[in-house]
Amino acid sequence: MRRSKKFAFPILVYFLVMLLLVTACSTKGDSSDEAGEGITTVTMWHGLTSIDLDNMNKVVKAFEEKNPTIKMKLVYTESSEGSDQKLLTAVAGGNPPDVALFDRFKVGTWAAQGSLTDLSSMAAESGIRKEMYYPFAWEESSYQGKLYAMPMDTDSRLLFYNKDHFKEVGLDPNKPPQTIAELEAAADKLTIKEGKRFKRIGFIPWYSQGWLYTWGWAFGGEFQDAATGKITANDPKVVEALQWMTDFGKKYNVEDIAGFTSAAGTEEMDPFISGQVSMKISGNFTVKGIEKFKPDLNYGVAPIPTPTGTNFTTWSGGGSAIIPKGAKNVASAWKFLEFLGKEEGQTLLNADSQISVIDSVNDKYGYKDDPIMKEFINILPNSHNRPVIPEGQLLWNELASATEKATRGNGTPKENLDRVTETVNKALEKYDK
Amino acid sequence: MAKLADSVQVNAIPSARKRALRRTNVIGWLFASPWAIGLLCFYAIPMLMSIYFSFTTYSILQPGEFVGMNNYRDLFHDPLFWKSIYNTIYFTVFFVPLSIFFGVALAMMLNMKVKGMAVFRTIFFLPTLVPQVALAVLWMWLLHPNFGLVNGMLANIGIDGPSWLGGESWSKPSLILMSLWGIGQAVVIYLAGLGDIPDEYYEAAQIDGANWFQKTRKVTLPLLTPVIFYNLVMGMIGAFQQFTLPYTLTKGQGTPANSMTFYVMYLYENGFRYFKMGYASAMAWILFIIVMALTGIIFITSKRWVHYQGK
Chain B
4 MRRSKKFAFP
14 ILVYFLVMLL
24 LVTACSTKGD
34 SSDEAGEGIT
44 TVTMWHGLTS
54 IDLDNMNKVV
64 KAFEEKNPTI
74 KMKLVYTESS
84 EGSDQKLLTA
94 VAGGNPPDVA
104 LFDRFKVGTW
114 AAQGSLTDLS
124 SMAAESGIRK
134 EMYYPFAWEE
144 SSYQGKLYAM
154 PMDTDSRLLF
164 YNKDHFKEVG
174 LDPNKPPQTI
184 AELEAAADKL
194 TIKEGKRFKR
204 IGFIPWYSQG
214 WLYTWGWAFG
224 GEFQDAATGK
234 ITANDPKVVE
244 ALQWMTDFGK
254 KYNVEDIAGF
264 TSAAGTEEMD
274 PFISGQVSMK
284 ISGNFTVKGI
294 EKFKPDLNYG
304 VAPIPTPTGT
314 NFTTWSGGGS
324 AIIPKGAKNV
334 ASAWKFLEFL
344 GKEEGQTLLN
354 ADSQISVIDS
364 VNDKYGYKDD
374 PIMKEFINIL
384 PNSHNRPVIP
394 EGQLLWNELA
404 SATEKATRGN
414 GTPKENLDRV
424 TETVNKALEK
434 YDK
Chain W
16 MAKLADSVQV
26 NAIPSARKRA
36 LRRTNVIGWL
46 FASPWAIGLL
56 CFYAIPMLMS
66 IYFSFTTYSI
76 LQPGEFVGMN
86 NYRDLFHDPL
96 FWKSIYNTIY
106 FTVFFVPLSI
116 FFGVALAMML
126 NMKVKGMAVF
136 RTIFFLPTLV
146 PQVALAVLWM
156 WLLHPNFGLV
166 NGMLANIGID
176 GPSWLGGESW
186 SKPSLILMSL
196 WGIGQAVVIY
206 LAGLGDIPDE
216 YYEAAQIDGA
226 NWFQKTRKVT
236 LPLLTPVIFY
246 NLVMGMIGAF
256 QQFTLPYTLT
266 KGQGTPANSM
276 TFYVMYLYEN
286 GFRYFKMGYA
296 SAMAWILFII
306 VMALTGIIFI
316 TSKRWVHYQG
326 K
């Protein structure tokens, strides 16, 4: 008798521990229809903080007032890499959220994997039409002609230039360079080099948002053949752009420049803000950083110079909302996406923060009266989006690596871009079945 | 071997004791089972599955199809795979011996009987508590070629410092330098090893007229070899899995010119950015085989240079 008691206690402890483990591991606790009769809870994963989160809460409030049968549940998942993996696991495990905020750049990849809900027919019914948005925003939310994401916000890239530096070296601060030749001349004047060390660099083509995408389009190139969908990274105009970047690097010695770019991680370290770089290519998303860290910086923005000084262009990315495959409350989730994508939702969502994907909303914000923001909005009708392909990330990495190799004299621009084209097109073959 | 010996003994014991023993065994297993089940579910099964996945085009989101040895064959034709192996081996070959050299040297210094030694020990251990990501950001500042502290100090003594993380030739040495910052962990283990060496040996050596150098060579180092052996194996495995520092420094891009693309970084890239989980699984198994082989070699050679006390 005493013995079995001795035996019973550990067993009891064991089951308690196991019970604890089992309950701790289960996620079923917060099922989606807890809110009672007739009310659907839509779970949304997001990585929003500060003003963006405040705005989203306003959107949710307005939405819930209009749709009393739907309740939104916002779950914060950290942004970028971490949230990707989380969503990936959730979709693979068949237990995804109803809505997730998502970088539009990834729509092609995820859609090709069959992990996003096709929104086309619901959009058509709700009167969500292509014409409502900037063309690139719709384009980047679609894959093979079907809509897979609701575009939310966007950005664009321009030339930032330091007006004080311009005055100092005798350049007209109200006449930023328009052609590539003018850009080179200005960069030359603005650069101060002592021996191997730069005290100041006029311009670094590949710094910040000076990707090959930026220059390839500025030089009039195309990265994808519209008819065949094949990647054309070795388009002669793109090669020309990379050749120009390479020559620029040679002139100033790439290794010497590299120091400026390698350590420039965060906004506080931004060499444009601290006056170590006079001109850079960057996006509207850095405007807030300048306001925060150096509000008195005397700078202007202008379209990215092109060889001819005409046909200015840029490219845009941005966020979107998706319904993962396997989501439980698709109809209610769509209701929210519809609200988010229409004018009212857009107005609440991007106020005082982002650029809307609807042109008329940006009018409302008064962006077109702001000397800096105006430029970012005005360029949008001519903006590009990156090719929507299943291997978007591969193409991005290959282009970045080709740029680096070419500018460091590791093969010619043509050789490097031929290789990119071949690699990516080969990777795309397996989707053509 | 040990198991066999146990069961032989158990058979020799009277049956009442035997039952009691068996019961304690059962209870022991019950208590260990959450861990054992966890190990089985979250390590053993995924590991076995990844062998299978390495022969498929599994993408996480889609099951993928069986493609035999294709992933392995493709890897051998993938220049970035070779580059990442080269980078990883380069790092391991320089980092591991350096970390042992400095680790032992530091431990010996910190083992001296000087007042306030606890403070010094703390100082050398503290950096290991800094998260790797914070460490990376800190070093980006220190190594800034134009405005960084390191080049500033070098300039004071008339040396024109390199562009550190900006150039292919210096990026990996820079990383090795940064990684040595986290040596404190190993130093603690060396210190414990040093404390284990009986004073009698030193006294005997003293009587024989040995100087400091001879004592170090003939007493300290041989008796420290089990600890060095441990740190060598663990250091090598850790070096092969280098990830956080270079990933943070290069924002996952392995810049400049892929000189910072380490094996596990490329594996991660394939698995989670390109959705090539089959390919990544194949990479993982190749890494496993390499690390197993090297560990095996170290174990075999260890018989010649590792001395255990009393043997």
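Sequence lines, in order, name chains B and W. Numbered according to the working numbering, the first sequence spans residues 4 to 436. Numbered according to the working numbering, the second sequence spans residues 16 to 326. Glycine included, every Cβ here is placed at the ideal spot set by N, Cα and C.
Sequence-distant residues of its chain with Cβ nearer than 6 Å to residue i (five each side left out)
i, result
"Gly208/W", "Leu239 and Val242"
"Lys291/W", "Asn285"
"Lys377/B", "Lys371"
"Gln357/B", "Asp156"
"Ile191/W", "Phe109 and Phe110"
"Phe379/B", "Ser159 and Asn287"
"Ser335/B", "Thr43, Val45 and Ile73"
Own chain residues within Cβ distance below 8 Å of residue i, not counting five before or after
i, result
"Gln227/B", "Lys233, Ile234, Thr235, Pro390 and Ile392"
"Thr263/W", "Gln147, Val148, Ala151 and Val152"
"Ile14/B", "none"
"Asp191/B", "Gly205"
"Gln229/W", "Ala220"
"Ser178/W", "Pro160 and Trp185"
"Ile195/B", "Phe201, Lys202 and Arg203"
Helix, strand or coil at residue i [DSSP, three-state]
i, result
"Phe3/B", "Residue 3/B cannot be examined here, being either before or after the span of chain B that is shown, 4 to 436."
"Asp250/B", "helix"
"Glu81/B", "coil"
"Lys130/W", "coil"
"Lys3/B", "Nothing can be reported for residue 3/B, as the shown portion of chain B is limited to 4 through 436."
"Arg411/B", "coil"
"Thr39/W", "helix"
"Gly267/W", "coil"
"Ser445/B", "Within the shown structure, residues of chain B are numbered from 4 to 436, placing residue 445/B beyond reach of any answer."
"Ile212/W", "coil"
"Lys199/B", "coil"
"Gln257/W", "coil"
"Phe226/B", "coil"
"Asp259/B", "helix"
"Ala7/W", "Chain W is shown only over 16 to 326; residue 7/W falls outside these bounds and no answer can be derived."
"Gly106/B", "A small fix is needed here, since residue 106/B is Asp in this sequence, not Gly. Asp106/B: strand per DSSP, three-state reduction."
"Gly286/B", "strand"
"Ser281/B", "strand"
"Phe290/W", "coil"
"Ile222/W", "helix"
"Ser356/B", "coil"
"Ile511/B", "Summary: the structure shown does not reach residue 511/B, with chain B confined to residues 4 through 436, and so no result is reported for it."
"Thr316/W", "helix"
"Val321/W", "coil"
"Ile138/W", "helix"
"Val423/B", "helix"
Beta-carbon separation (whole angstroms), residue i vs residue j, contact threshold 8 Å
i, j, result
"Gln212/B", "Gly286/B", "5 Å"
"Ala221/B", "Thr316/B", "6 Å"
"Thr143/W", "Gly197/W", "5 Å"
"Tyr79/B", "Gly50/B", "7 Å"
"Phe163/B", "Val304/B", "6 Å"
"Phe339/B", "Met75/B", "7 Å"
"Gly219/B", "Ala184/B", "Gly219/B to Ala184/B, Cβ: 18 Å. No contact."
"Ser99/W", "Tyr278/W", "5 Å"
"Ala437/B", "Leu104/B", "Because chain B in this structure spans residues 4 to 436, residue 437/B falls outside the shown range and cannot be described."
"Glu347/B", "Ala65/B", "7 Å"
Residues of its chain near residue i, where Cβ-Cβ distance is below 7 Å and the 5 sequence neighbours each way are ignored
i, result
"Gly414/B", "Lys408"
"Ser194/W", "Phe110 and Leu260"
"Lys166/B", "Pro176, Asn301, Tyr302 and Gly303"
"Phe139/W", "Leu121, Leu125, Gly199 and Val202"
Runs of alpha helix (DSSP H) lying entirely within the segment 372 to 402 of chain B, each at least 4 residues, in chain order: 374 to 381
Complete alpha helix (DSSP H) runs within the segment 162 to 207 of chain W (minimum length 4 residues, chain order): 164 to 171 and 183 to 195
Entirely enclosed alpha helix (DSSP H) segments - the segment 116 to 176 of chain B, minimum 4 residues: 123 to 129, 138 to 144 and 166 to 171
Three or more C-beta pairs below 8 Å linking the segment 196 to 205 of chain B and the segment 324 to 331 of chain B: no
Beta strand (DSSP E) segments (min. 3 residues) lying fully within the segment 45 to 112 of chain W: none
Those runs of the beta strand (DSSP E) which lie wholly inside the segment 298 to 350 of chain B and span at least 3 residues: 302 to 305 and 322 to 325
The segment 138 to 155 of chain B in contact with the segment 170 to 184 of chain B per 3-pair CB rule at 8 Å: no
The segment 343 to 363 of chain B contacting the segment 131 to 138 of chain B, beta-carbon criterion three pairs below 8 Å: yes
Cβ contact (3+ pairs, closer than 8 Å) linking the segment 415 to 435 of chain B and the segment 239 to 256 of chain B: yes
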